[in-house]
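Since the structure comes first, as structure tokens, the remarks are kept for the end.
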Amino acid sequence: MFEEILKRISICLEESHIPYMIIGGQAVLLYGEPRLTRDIDITLGVNPDRLDELLVILKKNSLKPIPKDIELFVKESMVLPAIDEPTGIRIDFIFSFTPYEMEAIKRSKKVVIMGQEVSFSSPEDLIIHKIFAGRPRDMEDVRSILLKNPEINRKYIRAWLKEFDSSSEKKDFLKTFEEILKMIPSVIPAG
1493 MFEEILKRIS ICLEESHIPY MIIGGQAVLL YGEPRLTRDI DITLGVNPDR LDELLVILKK
1553 NSLKPIPKDI ELFVKESMVL PAIDEPTGIR IDFIFSFTPY EMEAIKRSKK VVIMGQEVSF
1613 SSPEDLIIHK IFAGRPRDME DVRSILLKNP EINRKYIRAW LKEFDSSSEK KDFLKTFEEI
1673 LKMIPSVIPA G
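At position 52 of the sequence shown the residue is numbered 1544 (the working numbering), and the sequence of numbers has no breaks.
Written out as structure tokens, the structure reads:
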């Protein structure tokens, strides 16, 4: 189910020249411990002025927007949640065009799913997203990604978390990452 949806959406996004990357639980399945996930989170490297193009993609893929007032909802939240009508799977399309997100999308990893290349967040950028979200489940995901990917570029993660700390009221992103690193067995090389 998920694979077919990822393939279909990826084809349409690429045809429309909309840069994207898969984040959230689907990316955790790629880099961390297998876990139950009931949705798909897709970061789009565009601003909401391309909403009409996205709505065409949704229609082509039997995806039904959830909000009644789509434009207002997207304007306020920068997210367009939709449901895959045949399966009931939720897909959140997240509009994001910050310098960080644009770099993260450029760094995304291509994974072949059912013959189609699908762009997934790099493990480093997935960790950054998870630290930023900050829920207990996200912290468990960060730990599992670190355990499964010992070669991870910690310097890159630290640089962005430090940047977010300096530009946010919540200033403990880097500290949170360092605390999680302390819980990782010492067999993982530092870096």
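Even glycine gets a Cβ: it sits at the ideal position worked out from N, Cα and C.
Every value quoted in this text rests on a predicted model; they were computed, and no experiment measured them.
* **residue 1555 - partner residues in DSSP beta bridges** => 1576
* Using 10 angstroms around the beta-carbon of residue 1557, count the other beta-carbons present and answer buried if the total reaches 16, otherwise exposed. => buried
* Roughly how many angstroms lie between the CA atoms of residue 1679 and residue 1628, to the nearest whole one? -> Summary for residue 1679: the model assigns pLDDT 46, below 50, so the residue's position carries little reliability, and this model does not support an answer.
* To do: Ignore the nearest five residues each way along the sequence and tell me which others in residue 1549's own chain have a CB closer than 6 Å to its CB.
  => Closer than 6 Å at Cβ, skipping near neighbours: 1504.
* For the alpha helix (DSSP H) that residue 1568 lies in, which residues bound it at each end? -> 1562–1569
* Contact between the region 1566–1586 and the region 1534–1554 (3+ Cβ pairs under 8 Å) -> Yes: the two stretches touch, three or more of their Cβ pairs being nearer than 8 Å.
* Can you find at least 3 beta carbon pairs, one from the region 1497–1513 and one from the region 1521–1531, that sit closer than 8 Å? -> no
* Asked: Closest to residue 1498 by CA distance: which of 1641, 1524, 1668, 1554 is it?
  -> Ranking 1641, 1524, 1668, 1554 by Cα distance to residue 1498 puts 1554 first.
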